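Undergrad: Protein chains in written order, with the numbering used here: chain V, 47 to 301; chain G, 364 to 681.
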Amino acid sequence: MPIHERSLIESERVLRKERLVIDGIDVSGDWNLIILPRTVEDYDLDFAKEIMESPDGKTIQQCYQCSYCTASCPVHNYWDDRYNPRHFIYLARLGMVDELQKRVDVMWRCVSCHKCTHRCPKGVLVEDVLKVILRVMYKRGLIGDYPSKKFDQFFTESVLEYGRIEDGELLFGWMEKQGYKIKKDPILRKPIPFFSDIPRWLKDMVSKPIKEGNISFIMLNAKHMLFHPRTKEWNKFKQVLRRVMEEEGALAKGG
Amino acid sequence: MGIIGKRVAYYPGCSLEGASRAYDVSTRIVVKELGLELDYLEDYNCCGAMESKNVTFMGTMLLNARNMSLALKRGHKVIVAPCNGCSFSLQRAEYFLETDRKVFEKVNELLKEGDVDPLDEIPHTYHLLEWLYNEAGPQKVKERTVRPLKGLKVANYYGCLYTRPHFYSRTYAHAGGNGEERPRKRETADDDEHPFYMNELLEAAGAESVYFEPMHTQCCGGPHSLSDEDVSKKFVMMILQTAKRNGANIIATECPLCHASLEMYRYRLMLEGIEDVDVPAAYFTQLLGLAFGYSVDDVKLKDNLSDPIPVLRRLGIA
Numbered sequence: 047m048p049i050h051e052r053s054l055i056e057s058e059r060v061l062r063k064e065r066l067v068i069d070g071i072d073v074s075g076d077w078n079l080i081i082l083p084r085t086v087e088d089y090d091l092d093f094a095k096e097i098m099e100s101p102d103g104k105t106i107q108q109c110y111q112c113s114y115c116t117a118s119c120p121v122h123n124y125w126d127d128r129y130n131p132r133h134f135i136y137l138a139r140l141g142m143v144d145e146l147q148k149r150v151d152v153m154w155r156c157v158s159c160h161k162c163t164h165r166c167p168k169g170v171l172v173e174d175v176l177k178v179i180l181r182v183m184y185k186r187g188l189i190g191d192y193p194s195k196k197f198d199q200f201f202t203e204s205v206l207e208y209g210r211i212e213d214g215e216l217l218f219g220w221m222e223k224q225g226y227k228i229k230k231d232p233i234l235r236k237p238i239p240f241f242s243d244i245p246r247w248l249k250d251m252v253s254k255p256i257k258e259g260n261i262s263f264i265m266l267n268a269k270h271m272l273f274h275p276r277t278k279e280w281n282k283f284k285q286v287l288r289r290v291m292e293e294e295g296a297l298a299k300g301g
Numbered sequence: 364m365g366i367i368g369k370r371v372a373y374y375p376g377c378s379l380e381g382a383s384r385a386y387d388v389s390t391r392i393v394v395k396e397l398g399l400e401l402d403y404l405e406d407y408n409c410c411g412a413m414e415s416k417n418v419t420f421m422g423t424m425l426l427n428a429r430n431m432s433l434a435l436k437r438g439h440k441v442i443v444a445p446c447n448g449c450s451f452s453l454q455r456a457e458y459f460l461e462t463d464r465k466v467f468e469k470v471n472e473l474l475k476e477g478d479v480d481p482l483d484e485i486p487h488t489y490h491l492l493e494w495l496y497n498e499a500g501p502q503k504v505k506e507r508t509v510r511p512l513k514g515l516k517v518a519n520y521y522g523c524l525y526t527r528p529h530f531y532s533r534t535y536a537h538a539g540g541n542g543e544e545r546p547r548k549r550e551t552a553d554d555d556e557h558p559f560y561m562n563e564l565l566e567a568a569g570a571e572s573v574y575f576e577p578m579h580t581q582c583c584g585g586p587h588s589l590s591d592e593d594v595s596k597k598f599v600m601m602i603l604q605t606a607k608r609n610g611a612n613i614i615a616t617e618c619p620l621c622h623a624s625l626e627m628y629r630y631r632l633m634l635e636g637i638e639d640v641d642v643p644a645a646y647f648t649q650l651l652g653l654a655f656g657y658s659v660d661d662v663k664l665k666d667n668l669s670d671p672i673p674v675l676r677r678l679g680i681a
């Protein structure tokens, strides 16, 4: 792929000289910028192969680097222009794992809006591919526990356990993971929002139905928080699901 | 009209049975009024939303295949989901099951192991809005309206996954390198980049749509609304400010996740003293319910954290 990547040139390798004489000839002026060459030896060709093995990652090979995905991306346009889906795909295909690792602080920021996938003229499932790249990097220990990974894992394990999710558990469980002190009742170990140390917006949100006397809403959600909604015929299916996830290495490490 | 079917399987999703019950209740009201029928999918499981698919591929396929199998068992070939996330997940599974034979066979094998009937065909999933538009349509809404939403300026917020990506829901033989198959085009689908179904339904009920492009399909932070607060806050701010500055006095939503995200960050932005973010949000079915003559309590408007009741009272709608 003969695409010139400005971001692959580190500033240490760019030399600028006011006066430059080579072989006795003065080449100052327009010739004052020199980029020192770099040999890349640590690329990992298995990286792209592993991505293509997953059914949702195999379309990575159709990419022709037109950058339509990046042009559409709201994270790139409104948040951080270091987030560049086209570039991540480029690096992943070449297996330049160390370059990907330099960008781990932004790589997880994809909000799954699917503008990239939608507009790709080559039929690359860009959003899926980016998530597969992250998944493979995580499996190889190239990226740590990034925030959305923690949430995804938390969510998925709740689904695995009960078959359904519950908004209160997700919200308060997540707040607890963020370091807020959530008070729990002594018997069922369920969160009690009002005595917990949570931010003001959340406290106000929870107390709104109480202030308005919206009793049926409170009852419904309290019931769900106490007795987690679950799918009835779940046990047998859960075992299969757990096994599949184990085979994929998708269960939390150590958990 | 009448391509999808009047009686379909209803996959509400976890959210609609908990914090977003207003959407569920108002959906049932609107569907009944428009002469359609939803068959509740008993004992369904979570679709995995936008989270599970990042963790496990096959697991997410299984979660959705189980729901599809339940629908087939009840004799349905069409599933309707009112949530963008749910309809997306089911459509995504549909795409992979349809285009990848290996995935299909593996999923069936695993379903059998888990005591679930294997799939002999793959049911199609539609978003509630698409179904309502195609099966009932603006004309029917107009006929049923007894209390027009006069003077209500609506910003119609569609969110991301209602129209995107077209591979999963409309032309799914195209991606994935399966070039020999002819792309299937879904005739009932809304416009990709300029969706208008919700605009037309609410306009038929007497409301006025404000100009809301391109924010009508801009992301609200979605699956990152809890894990990446900075980005979500900025996105919601852009959406709310565009709505307010274009003259909207309410935002109509069609996804419980978008709705929750908008309401949550609206309040947080207001606490921070950001300007022009105080537009309340309501589900489009709630607004249709009001137009059909139902009361505030019937459509559970009190459940909305952003409190749209004062705006509606002022206009004499609620």
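Think of the CB as a built atom: it goes at the ideal place given N, C-alpha and C, for glycine as much as any other residue. Source: prediction; values computed, not measured.
Against residue 243 of chain V, what residues of chain G qualify as contacts under a CB-to-CB distance less than 7 Å, listed in chain order?
TA: Taking the first residue of the first sequence as position 1, residue 243 of chain V is located at position 197. Going along chain G, no residue has its Cβ under 7 Å from residue 243 of chain V, so there is no contact; the nearest lies around 17 Å.
Undergrad: Comparing C-alpha positions only, which one of V/293, V/204 and V/247 sits nearest to residue 635 of chain G?
TA: For the purposes of this step, residue 635 of chain G is taken as residue 272 along the second sequence, with counting starting at 1. The shortest C-alpha separation from residue 635 of chain G is found at V/247.
Undergrad: Residues of chain G with CB closer than 8 Å to the CB of residue 194 of chain V, please, in chain order.
TA: Position 148 of the first sequence, counted from the start, is the residue given in the question as residue 194 of chain V. Within chain G, the residues near residue 194 of chain V are 417, 586, 587, 590 and 591.
Undergrad: With 9 Å as the limit, tell me which residues of the region 597-610 of chain G have their beta carbon closer than that to any beta carbon of chain V; keep them in chain order.
TA: Cβ contacts with chain V come from 597, 598 and 601.
Undergrad: Among G/575, G/378 and G/508, whose alpha-carbon lies nearest the alpha-carbon of residue 396 of chain G?
TA: Position 33 of the second sequence, counting from 1, holds the residue named residue 396 of chain G. Among G/575, G/378 and G/508, the Cα nearest to that of residue 396 of chain G is on G/508.
Undergrad: Report the residue from G/628, G/408, G/482 and G/549 whose alpha carbon sits nearest the alpha carbon of residue 530 of chain G.
TA: The count along the second sequence starts at 1 and reaches residue 530 of chain G at position 167. Ranking the options by Cα distance to residue 530 of chain G, first place goes to G/549.
Undergrad: Got a sec: is the Cβ-Cβ distance from residue 219 of chain V to anything in chain G below 7 Å?
TA: Residue numbering aside, residue 219 of chain V sits at position 173 when the first sequence is read from its first letter. No - not a single Cβ of chain G is within 7 Å of the one on residue 219 of chain V.
Undergrad: Closest Cβ-Cβ distance between residue 281 of chain V and chain G: below 7 Å?
TA: As a first step, residue 281 of chain V must be located in the first sequence, where it is residue number 235. With 7 Å as the cut-off, residue 281 of chain V does not count as an interface residue toward chain G.
Undergrad: If you follow the alpha helix (DSSP H) that residue 400 of chain G is in, where does it begin and where does it stop?
TA: Within the second sequence, residue 400 of chain G is the residue found at index 37, counting from 1. Element bounds for residue 400 of chain G: not the alpha helix (DSSP H) but the beta strand (DSSP E), 400-403.
Undergrad: Say whether chain V places a C-beta atom closer than 7 Å to the C-beta of residue 521 of chain G.
TA: Counting from one through the second sequence, the residue named residue 521 of chain G turns up at place 158. Cβ-Cβ to chain V under 7 Å: no for residue 521 of chain G.
Undergrad: Buried or exposed: residue 265 of chain V, going by 16 or more other Cβ atoms within 10 Å of its Cβ?
TA: Walking along the first sequence from the start, residue 265 of chain V turns up at place 219. When all chains shown are included, residue 265 of chain V counts as exposed.
Undergrad: Residues of the region 200-212 of chain V with a CB closer than 7 Å to any CB of chain G: list them in chain order, please.
TA: Correct list: 201, 202, 205, 209, 210, 211 and 212.
Undergrad: For residue 127 of chain V, would you say it is in contact with chain G, using Cβ-to-Cβ distances shorter than 7 Å as the test?
TA: As a position in the first sequence, residue 127 of chain V is number 81, starting the count at 1. So, not an interface residue.
Undergrad: What distance in whole Å lies between the Cβ atoms of residue 520 of chain G and residue 614 of chain G, which are believed to be in contact at a cut-off of 8 Å?
TA: To locate residue 614 of chain G, count along the second sequence from 1; it is residue 251. To locate residue 520 of chain G, count along the second sequence from 1; it is residue 157. 5 Å between Cβ atoms; contact.
Undergrad: Let me know the secondary structure DSSP gives residue 516 of chain G once reduced to three states.
TA: Counted from its first residue, the second sequence places residue 516 of chain G at position 153. Here residue 516 of chain G sits in strand by DSSP.
Undergrad: Is residue 262 of chain V buried or exposed, if buried means 16 or more other CB atoms sit within 10 Å of its CB?
TA: The residue you call residue 262 of chain V lines up with position 216 of the first sequence. Exposed: under 16 other Cβ atoms inside 10 Å.
Undergrad: What does the Cβ neighbour count give for residue 373 of chain G, buried or exposed, with the cut at 16 atoms within 10 Å?
TA: The sequence position of residue 373 of chain G within the second sequence is 10, counting from 1. Answer is buried; the Cβ neighbour count reaches 16.
Undergrad: Applying a beta-carbon distance threshold of less than 7 Å, which residues of chain V neighbour residue 581 of chain G?
TA: Reading the second sequence from its first residue, position 218 is the one you call residue 581 of chain G. Within chain V, the residues near residue 581 of chain G are 120.
Undergrad: Classify residue 610 of chain G as buried or exposed, calling it buried when 16 or more other Cβ atoms lie within 10 Å of its own Cβ.
TA: Residue numbering aside, residue 610 of chain G sits at position 247 when the second sequence is read from its first letter. Exposed is the call here.
Undergrad: Taking just the CA atoms, how far does residue 657 of chain G sit from residue 612 of chain G?
TA: If you number the second sequence from 1, residue 612 of chain G lands on position 249. If you number the second sequence from 1, residue 657 of chain G lands on position 294. Looking at the two C-alpha atoms, the distance is approximately 21 Å.
Undergrad: According to a CB-to-CB cut-off of less than 8 Å, which residues of the region 398-431 of chain G neighbour chain V?
TA: For the region 398-431 of chain G, which is checked against every Cβ of chain V, the residues closer than 8 Å are 406, 407, 408, 409, 411, 412, 413, 414, 415, 416, 417, 418, 419, 420, 421, 422, 425, 426 and 429.
Undergrad: Expressed to the nearest angstrom, what Euclidean distance is found between the alpha-carbon atoms of residue 649 of chain G and residue 670 of chain G?
TA: Against the second sequence, residue 649 of chain G aligns to sequence position 286. Against the second sequence, residue 670 of chain G aligns to sequence position 307. Distance between the alpha carbons of residue 649 of chain G and residue 670 of chain G: 13 Å.
Undergrad: Within a Cβ cutoff of 7 Å, which residues of the same chain sit near residue 55 of chain V, ignoring the five residues on either side of it in sequence?
TA: Translated into the one-based positions of the first sequence, residue 55 of chain V becomes position 9. Excluding positions up to five away in sequence, the list reads 81.
Undergrad: On the three-pair Cβ rule with 8 Å, is the region 552-568 of chain G touching the region 136-144 of chain V?
TA: No, the region 552-568 of chain G does not touch the region 136-144 of chain V.
Undergrad: Per DSSP, residue 567 of chain G is paired with what?
TA: To locate residue 567 of chain G, count along the second sequence from 1; it is residue 204. In DSSP, residue 567 of chain G forms no bridge with anything.
Undergrad: Considering only residues of the same chain and omitting the five flanking positions on each side of residue 213 of chain V, which have a CB-CB separation below 8 Å?
TA: In the first sequence, residue 213 of chain V corresponds to position 167, counting from 1. 267 and 270, listed in sequence order.
Undergrad: Three-state secondary structure (DSSP) at residue 256 of chain V?
TA: Indexing the first sequence from 1 puts residue 256 of chain V at position 210. Residue state, collapsed to three classes: helix.
Undergrad: Expressed to the nearest angstrom, what Euclidean distance is found between the alpha-carbon atoms of residue 196 of chain V and residue 411 of chain G?
TA: Taking the first residue of the first sequence as position 1, residue 196 of chain V is located at position 150. Taking the first residue of the second sequence as position 1, residue 411 of chain G is located at position 48. One C-alpha to the other measures close to 15 Å.
Undergrad: Going along the region 663-681 of chain G in order, which residues come within less than 7 Å of chain V, judged by CB to CB distance?
TA: Hits within the stretch, in order: 665, 666 and 668.
Undergrad: For the region 271-288 of chain V against the region 462-482 of chain G, do three or more pairs of beta-carbon atoms, one drawn from each stretch, fall closer than 8 Å, so that the two count as touching?
TA: Yes, the region 271-288 of chain V touches the region 462-482 of chain G.
Undergrad: Would you call the CB atoms of residue 434 of chain G and residue 486 of chain G closer than 7 Å?
TA: Here residue 434 of chain G refers to the residue found at position 71 when the second sequence is read from its first residue. Here residue 486 of chain G refers to the residue found at position 123 when the second sequence is read from its first residue. Yes.
Undergrad: Using the three-state DSSP reduction, which class does residue 418 of chain G fall into: helix, strand or coil?
TA: For the purposes of this step, residue 418 of chain G is taken as the residue at position 55 of the second sequence. Here residue 418 of chain G sits in helix by DSSP.
Undergrad: Exposed or buried, residue 198 of chain V, counting other C-beta atoms within 10 Å across all chains shown (16 or more means buried)?
TA: The residue you call residue 198 of chain V lines up with position 152 of the first sequence. Residue 198 of chain V is buried by the Cβ-count criterion.
Undergrad: How should residue 385 of chain G be labelled, buried or exposed, when 16 other C-beta atoms within 10 angstroms of its C-beta is the threshold for buried?
TA: Looking up residue 385 of chain G in the second sequence gives position 22. Residue 385 of chain G should be labelled buried.
Undergrad: What would DSSP say about residue 243 of chain V, mapped onto helix, strand or coil?
TA: Taking the first sequence and counting its residues from 1, one reaches residue 243 of chain V at position 197. Residue 243 of chain V: strand per DSSP, three-state reduction.
Undergrad: Which residues of the region 61-90 of chain V have a Cβ closer than 8 Å to any Cβ of chain G? Give them in chain order.
TA: So nothing in the stretch comes that close.
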